[in-house]
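Student:
Numbering (UniProt numbering), first residue to last: 1 to 121.
1) Compare the C-beta of residue 36 against all C-beta atoms of chain D and say whether one is closer than 9 Å.
2) Given a threshold of 16 other Cβ atoms within 10 Å of its Cβ, counted over all protein chains shown, does residue 121 qualify as buried or as exposed?
3) Output the residue ranges of the alpha helix (DSSP H) runs that lie fully inside the region 44 to 69 and measure 4 residues or longer, sorted by chain position.
4) Does the beta-carbon distance from residue 38 to residue 57 come in below 9 Å?
5) Among 88, 72, 10, which one has its Cα closest to the Cα of residue 36?
6) Which partner residues of residue 23 appear in the DSSP bridge assignment?
7) Could you spell out where the alpha helix (DSSP H) holding residue 13 opens and where it closes?
8) Does DSSP classify residue 80 as helix, strand or coil?
9) Rounded to whole angstroms, what is the Cα-Cα separation between residue 22 and residue 13?
So, in C-alpha cells, the structure goes:
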C-alpha cells in the first residue's frame, strides 16, 4: 500500500487513487509540514479504517521522513524494505505488554524508527 501511495503521489496516476490522497492542511507552519503529511478522513467503524482513503494516508504518515524523501521508486522500495526488516528487531527490544500500545501511536512509531534509518545513511 505504501508503494501504491508513493506512485500515486509521484506520478499523479491513477487519478482515482491520487484523488484519495490529499495533503493535510495546517493553518500554521509546523515541523510536520516538511514531512508532507496526508489528510486522514474520520471514520466511525473499524471496517472504515481498512478503506484505501484512510489506510494509505495512515501508513504514509507513519513512515519516517527519510523513507518518503525524494528519489525514484527503486530507492523508495529499498528504504521501505529496510524499515520492514528492522521492525522485528526493534519490536524484540520492547516489552510484550507495550508493543500494542506503542504501535497504535504513529508518532511514537516514527520516532522509534527514525534513528535506525538515519544510522544506515
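Backbone N, C-alpha and C fix where the C-beta goes; we use that ideal spot for every residue, glycine too.
Tutor: On the basis of the data shown:
1) The chain labelled as chain D is not found in the depicted structure, where only one protein chain is given.
2) Reliability of the predicted coordinates at residue 121 is poor, the pLDDT of 48 falling under 50, and the value obtained from them is presented with this limitation in mind. With fewer than 16 other Cβ atoms within 10 Å, it is exposed.
3) 52 to 62, 65 to 68
4) yes
5) 10
6) 38
7) Segment: none, residue 13 is in no alpha helix (DSSP H) and carries neither H nor E.
8) helix
9) 14 Å
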